[in-house]
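Peer 1: Next up is a structure, given as structure tokens.
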Amino acid sequence: MFEAITLVCHAQFNDSITQYVRLSASGNLNRSNNTTAYLLTNDARYSIRNKRTTLNAVATWLYGEQGARLTNNDFSATADFNLYPDSSKLYFWGLANFTSSYSLRIRNQLQGGVGAAYNFVNTPAAWLNLSEGIIYEASRLNTADAEKNQYQTFRNSLRLAYKFVIRNALTFSGTNFWQPALGNGSDYTIRSSNSLGVKLNTWISIGTTISYNRFNRTGSENLLFTYGLVMDKYF
33 MFEAITLVCH AQFNDSITQY VRLSASGNLN RSNNTTAYLL TNDARYSIRN
83 KRTTLNAVAT WLYGEQGARL TNNDFSATAD FNLYPDSSKL YFWGLANFTS
133 SYSLRIRNQL QGGVGAAYNF VNTPAAWLNL SEGIIYEASR LNTADAEKNQ
183 YQTFRNSLRL AYKFVIRNAL TFSGTNFWQP ALGNGSDYTI RSSNSLGVKL
233 NTWISIGTTI SYNRFNRTGS ENLLFTYGLV MDKYF
């Protein structure tokens, strides 16, 4: 559900730079006379690449409360790989993902799939990528209809991802997914996460992210705005 492809401009890698690490901590806080609401997000990513293969691992945890009421307790872990058959812009991918989301009423969800992707632009300053594939999904939900709480389905997964770096100081990046179930257009998932980062030094940035998620099978959605610190490094 929340599987995330590490946003790394592939052109940043070369014969001597083969690994990438990214850690982020962000959130927001709202306080009024009667209540306090807060949201915390932690994210860890690691990538390793050679000439023909990239391996990525991502883990994200989101926690939020409003007053004494829990609003978010969402966890996602993803492992994926890319295979580059030659130096062309087309490559192939596979992934496995686990998700648990209080806000979207998902007790647990497993996904696995394969597909192809194309880099329209791939330079240190710009990356624009379109991905298409098929994923298998098995879930247990937290809904009032016990008969529909467990299901299995196949989804088409369409993703548009981008990253643009301006003067090596300002970064715009994002991933946007549309995942309808095969044969059932009313069962779909939308996920969109777009960020703006300002680099403070070679490995620390401050940033803000706006994310929207909708899981139509449960009729649940969330819109999240967070800001915080990002640490990343190629080596």
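Under my numbering, the first residue of the sequence shown carries the number 33, and numbering increases by one thereafter.
By construction, the Cβ of each residue, glycine as well, lies at the ideal position given by its N, Cα and C atoms.
#1: Does the count of Cβ pairs from the region 246 to 253 and the region 225 to 237 closer than 8 Å reach three?
#2: Measuring straight from C-alpha to C-alpha, what distance separates residue 85 and residue 237?
#3: Quick test of your reading: residue 132 and residue 167, contact by CB under 8 Å. State the CB separation rounded to the nearest angstrom.
#4: Which complete beta strand (DSSP E) runs does the region 167 to 238 hold, if anything under 3 residues is left out?
#5: What I want to know is whether the C-beta of residue 200 ends up closer than 7 Å to one or more non-hydrogen atoms of the ligand GDP.
#6: Given this structure, state the Cα-to-Cα distance separating residue 259 from residue 149, to the nearest angstrom.
#7: Measuring straight from C-alpha to C-alpha, what distance separates residue 111 and residue 129?
#8: With DSSP run on the structure shown, which of helix, strand or coil describes residue 116?
#9: Taking the beta carbon of residue 118 as the centre, do at least 16 other beta carbons fall within 10 Å, making it buried, or is it exposed?
#10: Under 8 Å Cβ to Cβ from residue 219, same chain only, skipping five residues before and after it: list those, please.
#11: Taking the alpha carbon of residue 161 as the reference point, which residue from 193, 125, 207, 226 has its own alpha carbon closest?
#12: Restricting to runs no shorter than 4 residues, where is the alpha helix (DSSP H) found entirely within the region 113 to 152?
#13: Closest to residue 108 by CA distance: which of 98, 93, 126 is it?
#14: When you compare only the Cα positions, how much space is there between residue 245 and residue 173?
#15: For a test of the three-state rule: what should DSSP assign to residue 62, helix, strand or coil?
#16: Looking only at its chain, what residues have a beta carbon closer than 6 Å to the beta carbon of residue 54, apart from the 5 residues adjacent to it on each side?
#17: For residue 202, which residues in the same chain have their Cβ closer than 7 Å to its Cβ, ignoring the five residues on either side in sequence?
#18: Given a threshold of 16 other Cβ atoms within 10 Å of its Cβ, counted over all protein chains shown, does residue 169 qualify as buried or as exposed?
#19: Is residue 260 helix, strand or coil by DSSP?
Peer 2: Let me lay it out:
#1: Touching, no.
#2: On the sequence shown, position 53 is the one that residue 85 refers to. On the sequence shown, position 205 is the one that residue 237 refers to. Taking the straight line from one Cα to the other gives about 28 Å.
#3: As a first step, residue 132 must be located in the sequence shown, where it is residue number 100. As a first step, residue 167 must be located in the sequence shown, where it is residue number 135. Rounded, the Cβ-Cβ distance is 17 Å, inconsistent with contact.
#4: 182 to 198, 202 to 213, 216 to 231
#5: Inclusion of the ligand GDP in the displayed structure is not the case, the ligand content being empty and no account of it being possible.
#6: The residue you call residue 259 lines up with position 227 of the sequence shown. The residue you call residue 149 lines up with position 117 of the sequence shown. Roughly 30 Å separates the two Cα atoms.
#7: Along the sequence shown, read from residue 1 onward, the residue named residue 111 stands at position 79. Along the sequence shown, read from residue 1 onward, the residue named residue 129 stands at position 97. For residue 111 and residue 129, the distance between alpha carbons rounds to 7 Å.
#8: Taking the first residue of the sequence shown as 1, we reach residue 116 at position 84. Coil, per DSSP.
#9: Here residue 118 corresponds to residue number 86 of the sequence shown, with the count starting at 1. Exposed, because fewer than 16 other Cβ atoms sit within 10 Å of the Cβ of residue 118.
#10: Mapped onto the sequence shown, residue 219 falls at position 187. The answer, listed in chain order, is 185, 212, 213, 248, 249.
#11: In the sequence shown, counting from the first residue as 1, residue 161 sits at position 129. That would be 193, whose Cα lies nearest to the Cα of residue 161.
#12: none
#13: Taking the first residue of the sequence shown as 1, we reach residue 108 at position 76. Answer by Cα proximity: 93.
#14: As a working note, residue 245 is residue 213 in the sequence shown. As a working note, residue 173 is residue 141 in the sequence shown. So the alpha carbons of these two residues sit roughly 16 Å apart.
#15: Taking the first residue of the sequence shown as 1, we reach residue 62 at position 30. Strand at residue 62.
#16: Here residue 54 corresponds to residue number 22 of the sequence shown, with the count starting at 1. These residues qualify, in order along the chain: 77, 264.
#17: Sequence index remark: in the sequence shown, residue 202 carries index 170 (1-based). Answer for residue 202: 230, listed in chain order.
#18: For the purposes of this step, residue 169 is taken as residue 137 along the sequence shown, with counting starting at 1. Per the 10 Å Cβ criterion, buried.
#19: Mapped onto the sequence shown, residue 260 falls at position 228. It is a strand residue.
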